[in-house]
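**Student:** Chain order of the listed sequences is W and V. The first sequence maps to residues 66 to 409 in the working numbering. The second sequence maps to residues 66 to 409 in the working numbering. Even for Gly, the Cβ is constructed at its ideal location relative to N, Cα and C. Provided herewith is a single structure, encoded as structure tokens, for subsequent inquiry.
Number of protein chains: 2
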Amino acid sequence: MNEKIATIEDVARHAGVSIATVSRALHKPDVVSETAREKVQTAIAATGYTANVMARNLRLNRSGMILLLVPDIGNPFFSAILSGIEKGASQAGYNVLIGDTQNDPDREATYAAYLRSNQADAMILLNGRLPAPLANAPANATPPVVIACERIPGCALPTVIIDNDEASFIATRHLTDFGHTRIAHVSGPSNNILTTDRVAGYRRALASVGIQNDPALIYRGDFSIDSGIAAGRALLADPKTRPTAVFCASDGMAIGVIVAAKEYGLRIPQDVSIVGFDDIPHAAAYDPPITTVRQPRRRLGEQAITLLLDRLGAKAPFENREKGPVIVPTELIIRQSTGPCPKG
Amino acid sequence: MNEKIATIEDVARHAGVSIATVSRALHKPDVVSETAREKVQTAIAATGYTANVMARNLRLNRSGMILLLVPDIGNPFFSAILSGIEKGASQAGYNVLIGDTQNDPDREATYAAYLRSNQADAMILLNGRLPAPLANAPANATPPVVIACERIPGCALPTVIIDNDEASFIATRHLTDFGHTRIAHVSGPSNNILTTDRVAGYRRALASVGIQNDPALIYRGDFSIDSGIAAGRALLADPKTRPTAVFCASDGMAIGVIVAAKEYGLRIPQDVSIVGFDDIPHAAAYDPPITTVRQPRRRLGEQAITLLLDRLGAKAPFENREKGPVIVPTELIIRQSTGPCPKG
DNA sequence: ATTTTTAATGTAAACCTTTACATTTGTGTA
DNA sequence: TACACAAATGTAAAGGTTTACATTAAAAAT
Chain W
66 MNEKIATIED
76 VARHAGVSIA
86 TVSRALHKPD
96 VVSETAREKV
106 QTAIAATGYT
116 ANVMARNLRL
126 NRSGMILLLV
136 PDIGNPFFSA
146 ILSGIEKGAS
156 QAGYNVLIGD
166 TQNDPDREAT
176 YAAYLRSNQA
186 DAMILLNGRL
196 PAPLANAPAN
206 ATPPVVIACE
216 RIPGCALPTV
226 IIDNDEASFI
236 ATRHLTDFGH
246 TRIAHVSGPS
256 NNILTTDRVA
266 GYRRALASVG
276 IQNDPALIYR
286 GDFSIDSGIA
296 AGRALLADPK
306 TRPTAVFCAS
316 DGMAIGVIVA
326 AKEYGLRIPQ
336 DVSIVGFDDI
346 PHAAAYDPPI
356 TTVRQPRRRL
366 GEQAITLLLD
376 RLGAKAPFEN
386 REKGPVIVPT
396 ELIIRQSTGP
406 CPKG
Chain V
66 MNEKIATIED
76 VARHAGVSIA
86 TVSRALHKPD
96 VVSETAREKV
106 QTAIAATGYT
116 ANVMARNLRL
126 NRSGMILLLV
136 PDIGNPFFSA
146 ILSGIEKGAS
156 QAGYNVLIGD
166 TQNDPDREAT
176 YAAYLRSNQA
186 DAMILLNGRL
196 PAPLANAPAN
206 ATPPVVIACE
216 RIPGCALPTV
226 IIDNDEASFI
236 ATRHLTDFGH
246 TRIAHVSGPS
256 NNILTTDRVA
266 GYRRALASVG
276 IQNDPALIYR
286 GDFSIDSGIA
296 AGRALLADPK
306 TRPTAVFCAS
316 DGMAIGVIVA
326 AKEYGLRIPQ
336 DVSIVGFDDI
346 PHAAAYDPPI
356 TTVRQPRRRL
366 GEQAITLLLD
376 RLGAKAPFEN
386 REKGPVIVPT
396 ELIIRQSTGP
406 CPKG
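The following block contains the structure:
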């Protein structure tokens, strides 16, 4: 048996027509006669022909690939975003190629080169840094790139984000509404735009109710559970300086702070209130269920791919959108980790 | 400056050599003279040439893609596996193309066709079903496919799995060692091979210490937190029939069972012991920290890609693979959700 | 000085499509 | 009948690369 894979030429020979007719029968059936179409169909069935996508793409000068740059594919945070992107892309006939950059600028540059070398038609950035080759690109021709998750200040590329500042503002105000005045914030890494925006919203909320900002109440974490535990120990150890509420920039860190709080015998929310960020699936099942800012991650992915397909001229499977950065709405999910400020 | 992208021909012209020399300078530098090499290098720098990967792949009849079939990319369980695969693949110069099948046989078949149409050189299956085109493949030529996570009974393709039966055996024996005799099991969906294997291990463990199997103590979940809550409510509601320990086929379900247990005012592990499966990051930070079977997911991915690269490296397509499936070891992580069987 | 050997380079085919253009065939009209 | 026109099909180029083979130039051997 060990036959070679059938090419369009085999089909043509088998059908007794030219390769052009075969190609047309497949892609422009209306310009091909009924009889020829049928002959081609049987020939395809007989030979088991499948078009060589690489040859096709070479001819059409496209790859059908959308490159997705992720800082760490091992981070479950991206799963749902990915899912939204993949869904839209595959509906539009694109494949999603994942580039795990490990936050390494070299790897980012390598992947960005895929655009030039025709390995990818377009790119979505899930990390908030513009790969070097793109940053140097001429300003007149914007590359087919969309930025998601993290905005890049001063970058005109289509962007989809949540309003981190406003979300943090609302989360913090939820705590002030409960009467809290000593409110700590466990933030993300300092070089991160998300961190900046969330800290800003937190400060704005405090200022809006006349609470003076206390730098000692801001702890720099890295979004992980472990850093949350460290934050909790640092912030809650001393009963004299202990805040009555902690707003965390991730659910993981919120969980960590709760772990630390329990170590000190503190009750949540009677002794200290905790707010998280993201609304990961486990936030609702934790003890206590965690009040948190829900980030619509699948929506975020869907919007990103929509923006990109717009840019590519393909028809977008999701509802259309207007100019400017797209902001997908967040929602404060109030559960049992927050409550009134304790007396005294 | 809106010039066209430079081709090898531009480089050749610029360097004053033939395109063959340019190609050789890049891929077989040793057969090219020093001077020519230099000329080519400067020409490349001057033109900003990047090889058109599509043309290259067409010529070489490879795609450089490894297709990864995942039942649901939105499921964080796969993140770490993915990460391991991606790492190995990119080290070997391959890209990873993710195919989200949604457990839909049609989508599986579509993706499997990528192998035929040269869109992918090889495939890794993370779902336990052989796509139709593969199942019908001639038996003499094994396709470059590796199965991970779930074994497919009667399938000779290279496979990497954990020993679910043995892992469940050990987890259950951990409970019997604590003196438990009424041990429930919250399993996965019934059509799943993982479920079968884990139930088998659970039963084997009970039998090994002379405990009779009680079908009422097996609850069918779907790995989710919610199904765990449902399981917990069903199993723990009645104090008369209540088991003193529950072995869950996923950490999510273990968390759900704990949530339900707390609803009934039961203390973990004093009143009821809980064992999970997977060791997701949140298992250690839960209250109480959950005893669970650690599944080395990154290792699993690494092994899968290793197997595949082996297969691709072995030029002989008819060479038969060695022996049975690769089994990556699991580990029972004992935390605070398990303890001695309560008296009376 | 001539021939042989080796090294370096060039020419052109091949990979498999799609499609502009040319050609053939068929139909209706003057 | 001859002609214009439309429809269907075929021919061949193009897309950018790699590489077998042919050719040239230079060095080594006679």
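Consult DSSP for Ile73 of chain V and reduce its assignment to one of helix, strand or coil.
**Tutor:** Three-state result, Ile73 of chain V: helix.
**Student:** Counting only beta-carbon atoms, is Asn385 of chain W nearer than 8 Å to chain V?
**Tutor:** Per-residue confidence for Asn385 of chain W stands at a pLDDT of 48, beneath the threshold of 50, marking its modelled position as unreliable; no derived number is given.
**Student:** Would you check if there are 3 or more beta carbon pairs closer than 8 Å linking the region 122-134 of chain W to the region 91-104 of chain W?
**Tutor:** With the cut-off at 8 Å, the region 122-134 of chain W and the region 91-104 of chain W do not touch.
**Student:** Since I believe Arg194 of chain V is in contact with Asn229 of chain V (beta carbons under 8 Å), could you give me their beta-carbon distance rounded to a whole number of angstroms?
**Tutor:** Not really, about 17 Å apart at Cβ, beyond 8 Å.
**Student:** Would you mind giving the Cβ-Cβ distance between Ala325 of chain W and Ile333 of chain W, rounded to the nearest angstrom? I have them listed as a contact below 8 Å.
**Tutor:** The Cβ separation is near 11 Å, so there is no contact.
**Student:** Which stretch, first to last residue, makes up the beta strand (DSSP E) that contains Thr207 of chain V?
**Tutor:** Looking at the DSSP string, Thr207 of chain V is not in any beta strand (DSSP E), and its letter there is neither H nor E.
**Student:** What three-state label does DSSP hand Asp279 of chain V in the structure shown?
**Tutor:** Coil at Asp279 of chain V, not helix or strand.
**Student:** Quick one: is Gln401 of chain V near chain W, going by C-beta distance under 8 Å?
**Tutor:** No, because no Cβ of chain W sits closer than 8 Å to the Cβ of Gln401 of chain V.
**Student:** Hey, Thr357 of chain W and Ile398 of chain W: beta-carbon distance below 8 Å or not?
**Tutor:** It is a contact, given that the beta carbons lie within the stated cut-off.
**Student:** For Asn385 of chain W, collect the residues of the same chain with a Cβ closer than 8 Å to its Cβ; drop the 5 residues on either side in sequence, then sort them by chain order.
**Tutor:** Because the pLDDT at Asn385 of chain W is just 48, under 50, the model does not fix this residue reliably, and the point stays unresolved.
**Student:** If we count the other Cβ atoms within 10 Å of its Cβ and call it buried at 16 or more, is Arg124 of chain V buried or exposed?
**Tutor:** Looking at its Cβ environment, which holds fewer than 16 other Cβ atoms inside 10 Å, Arg124 of chain V is exposed.
**Student:** When burial is assigned at 16 or more other CB atoms within 10 Å of the CB, is Met144 of chain W buried or exposed?
**Tutor:** Reading off the sequence, residue 144 of chain W comes out as Ser, not Met. Its Cβ being crowded by 16 or more others within 10 Å, Ser144 of chain W is buried.
**Student:** Could you pull out every residue in the same chain whose Cβ sits closer than 7 Å to the Cβ of Ile150 of chain V, ignoring the five residues on either side in sequence?
**Tutor:** Only Leu133, Val161, Ile189, Gly366, Ala369 and Ile370 meet the Cβ criterion.
**Student:** Any C-beta of chain W sitting closer than 8 Å to the C-beta of Gln184 of chain V?
**Tutor:** Answer yes: the Cβ-Cβ gap between Gln184 of chain V and chain W drops below 8 Å somewhere.
**Student:** For Phe243 of chain W, which of helix, strand or coil comes out of DSSP?
**Tutor:** Coil, per DSSP.
**Student:** Opposite Ser189 of chain W in the DSSP bridges: which residues?
**Tutor:** The sequence shown places Ile at residue 189 of chain W, rather than the Ser named in the question. According to DSSP, which records beta bridges pairwise, Ile189 of chain W is partnered with W:Leu133 and W:Val211.
**Student:** Whole angstroms are fine: how far does the CA of Ala270 of chain W sit from the CA of Gly297 of chain V?
**Tutor:** Straight-line Cα distance between these residues: approximately 41 Å.
**Student:** By Cβ distance, which residues of its chain are closer than 8 Å to His239 of chain V, with the 5 residues on each side in sequence left out?
**Tutor:** Excluding sequence neighbours, His239 of chain V sits near Val340, Thr356, Leu397, Ile399 and Thr403.
**Student:** Going by beta-carbon coordinates alone, are Ser273 of chain V and Thr309 of chain V separated by less than 8 Å?
**Tutor:** It is not a contact, given that the beta carbons lie outside the stated cut-off.
**Student:** Measuring only between beta-carbons, confirm whether Lys408 of chain V sits less than 8 Å from chain W.
**Tutor:** False, the Cβ-Cβ gap to chain W never drops below 8 Å.
**Student:** Can you find a CB in chain V that lies within less than 8 Å of the CB of Glu328 of chain W?
**Tutor:** Not an interface residue.
**Student:** By how many angstroms is the C-alpha of Val76 of chain W removed from the C-alpha of Ile109 of chain W?
**Tutor:** Near 6 Å, if we compare the C-alpha coordinates of Val76 of chain W and Ile109 of chain W.
**Student:** By Cβ distance, which residues of its chain are closer than 7 Å to Pro405 of chain W, with the 5 residues on each side in sequence left out?
**Tutor:** Cβ neighbours of Pro405 of chain W beyond the five flanking positions: Phe243 and Gly244.
**Student:** Counting only the same chain and skipping the five closest in sequence on each side, list residues whose C-beta sits under 6 Å from that of Glu173 of chain V.
**Tutor:** Correct list, in chain order: Thr166 and Pro196.
**Student:** From the DSSP output, in three-state form, read off Ser98 of chain W for me.
**Tutor:** DSSP places Ser98 of chain W in coil when its eight states are reduced to three.
**Student:** Hey, how far is the Cα of Pro390 of chain V from the Cα of Ile73 of chain V?
**Tutor:** So the alpha carbons of these two residues sit roughly 45 Å apart.
**Student:** Residues in the same chain with beta-carbon distance under 8 Å from Lys104 of chain V, minus the five sequence neighbours each way, listed in chain order, please.
**Tutor:** Excluding residues within five positions, the ones whose Cβ falls inside 8 Å are Ala80, Gly81 and Val82.
**Student:** Please name the residue or residues paired with Phe342 of chain W in a DSSP beta bridge.
**Tutor:** Paired residues: W:Val358.
**Student:** Could you name the residues that DSSP lists as bridge partners for Val311 of chain W?
**Tutor:** BP columns for Val311 of chain W point to W:Ala249 and W:Ile339.
**Student:** Would Gly139 of chain W count as contacting chain V if we go by Cβ distances under 8 Å?
**Tutor:** Yes, contact with chain V.
**Student:** I'd like to know if Pro170 of chain W contacts chain V, where contact means its C-beta is closer than 8 Å to some C-beta of that chain.
**Tutor:** Pro170 of chain W does not count as touching chain V.
**Student:** On the three-state DSSP scale, how would you describe Thr112 of chain V?
**Tutor:** Thr112 of chain V: helix per DSSP, three-state reduction.
**Student:** Quick check on Tyr176 of chain V: does DSSP put it in helix, strand or coil?
**Tutor:** Note: Tyr176 of chain V maps to helix in three-state DSSP.
**Student:** Does Thr115 of chain W come within less than 8 Å of chain V when only Cβ atoms are used?
**Tutor:** Chain V, which has a Cβ nearer than 8 Å to the Cβ of Thr115 of chain W, makes this yes.
**Student:** Considering only the beta carbon of each residue, do Gly266 of chain V and Ala232 of chain V sit closer than 8 Å?
**Tutor:** A contact, by the Cβ cut-off of 8 Å.
**Student:** Report the three-state DSSP secondary structure of Asn122 of chain V (helix, strand or coil).
**Tutor:** Helix at Asn122 of chain V.
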